[in-house]
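Enquirer:
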Amino acid sequence: MLTIGATNLPEEIMKNVNVSRVHALVVAAGLLAWAPAGQAQAPAAGPDKKPGLEVCYMYKFIRHVDEITEWAKTLQCEPGGSLANLDFYGGVSKVLTSKEEDGVMARITGFIQLEKAGAYKFAFESNDGARLKIDGKQIVEDPDVHDDRFSELGTMEVAKPGWYPISVDFFERKSTWTLRLLWRLPGAEGDLVPVPAMALAH
Numbered sequence: 055m056l057t058i059g060a061t062n063l064p065e066e067i068m069k070n071v072n073v074s075r076v077h078a079l080v081v082a083a084g085l086l087a088w089a090p091a092g093q094a095q096a097p098a099a100g101p102d103k104k105p106g107l108e109v110c111y112m113y114k115f116i117r118h119v120d121e122i123t124e125w126a127k128t129l130q131c132e133p134g135g136s137l138a139n140l141d142f143y144g145g146v147s148k149v150l151t152s153k154e155e156d157g158v159m160a161r162i163t164g165f166i167q168l169e170k171a172g173a174y175k176f177a178f179e180s181n182d183g184a185r186l187k188i189d190g191k192q193i194v195e196d197p198d199v200h201d202d203r204f205s206e207l208g209t210m211e212v213a214k215p216g217w218y219p220i221s222v223d224f225f226e227r228k229s230t231w232t233l234r235l236l237w238r239l240p241g242a243e244g245d246l247v248p249v250p251a252m253a254l255a256h
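For the sequence shown, my numbering begins at 55 and goes up steadily by one.
(1) Note the first and the last residue of the continuous alpha helix (DSSP H) segment covering T123.
(2) Report yes if the CB atom of I162 is closer than 8 Å to the CB atom of L239, and no otherwise.
(3) If the criterion is Cβ atoms closer than 8 Å, does the pair M159 and I122 meet it?
(4) May I ask you to report which of helix, strand or coil DSSP gives A177?
(5) Return the Cβ separation of L233 and L140 in integer angstroms, given the expectation that the two are a contact with Cβ distance under 8 Å.
(6) Within the same chain, show all residues whose beta-carbon is closer than 8 Å to that of G135, passing over the 5 residues directly before and after it, in chain order.
(7) Between E179 and V249, what straight-line distance do the alpha-carbon atoms span, to the nearest angstrom?
(8) Would you kindly work out how many angstroms separate the C-alpha atoms of I193 and K170, rounded to a whole number?
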């Protein structure tokens with residue numbers, strides 16, 4: 055679990071980011087409006103979601119999560135088995151549902167259910183780098199090579215409850231690996247806890 059401490063990102067960082075353009079994305083049968091960074095405005099439509107998140111893999115030894123986007127331009131991302139949630143202490147083993155123990159890049163996509171309006175807090179426990187986007191906005195990251203550790207804290211302001219697109223880019227360079235996505239719901243207190251499987255779908 056993550057105890058909130060001095061490493062938390064100031065909430066002002068998440069609230070004061072100005073976005074000069076407004077984007078639109080059609081998701082399933084509805085229109086998803088892209089809101090200012092860190093603020094979710096319109097949930098994705100569609101009742102036909104399946105449990106868990108989709109994932110695909112590429113295989114290279116990298117040192118920063120930005121490299122995943124670059125390698126995706128030239129490497130095919132191979133589909134893997136879906137992930138019920140993101141709560142893994144992998145140790146020395148094959149990374150998630152990939153075919154390798156080291157040199158793995160994972161692109162994880164789907165939807166997350168944000169059931170109430172308000173400020174959601176998110177963080178990773180990871181080894182190595184990870185980046186979370188919800189509704190197209192970067193919420194939190196710990197992007198480089200490191201041992202198991204907790205990220206800083208990111209905040210997502212939700213105006214309208216519902217299902218929102220989620221993506222996680224994650225890589226394991228070598229040795230052990232960990233990937234845990236943690237949250238704290240609006241109005242809750244105390245430690246962050248793993249995002250439950252019931253809140254994830256694709």
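The C-beta atom is built at its ideal place from N, Cα and C for all residues, glycine as well.
Expert: A quick look at the data gives this:
(1) As a position in the sequence shown, residue 123 is number 69, starting the count at 1. Following the DSSP letters along the chain, one finds T123 inside the alpha helix (DSSP H) bounded by residues D120 to W125.
(2) On the sequence shown, residue 162 is found 108 positions in, with the first residue counted as 1. On the sequence shown, residue 239 is found 185 positions in, with the first residue counted as 1. Taking a C-beta distance under 8 Å as the contact criterion, I162 and L239 do not qualify as a contact pair.
(3) For the purposes of this step, residue 159 is taken as the residue at position 105 of the sequence shown. For the purposes of this step, residue 122 is taken as the residue at position 68 of the sequence shown. Yes, they are a contact pair.
(4) Here residue 177 refers to the residue found at position 123 when the sequence shown is read from its first residue. In this structure, A177 counts as strand in the three-state DSSP scheme.
(5) Counting from one through the sequence shown, the residue named residue 233 turns up at place 179. Counting from one through the sequence shown, the residue named residue 140 turns up at place 86. Contact annotation, L233 with L140: C-beta distance approximately 6 Å; criterion of less than 8 Å satisfied.
(6) One-based indexing of the sequence shown puts residue 135 at position 81. Once the five neighbours on either side are set aside, the close Cβ partners of G135 are V109 and T151.
(7) As a position in the sequence shown, residue 179 is number 125, starting the count at 1. As a position in the sequence shown, residue 249 is number 195, starting the count at 1. Taking the Cα positions, E179 is about 12 Å away from V249.
(8) The residue you call residue 193 lines up with position 139 of the sequence shown. The residue you call residue 170 lines up with position 116 of the sequence shown. So the two alpha carbons sit approximately 18 Å from each other.
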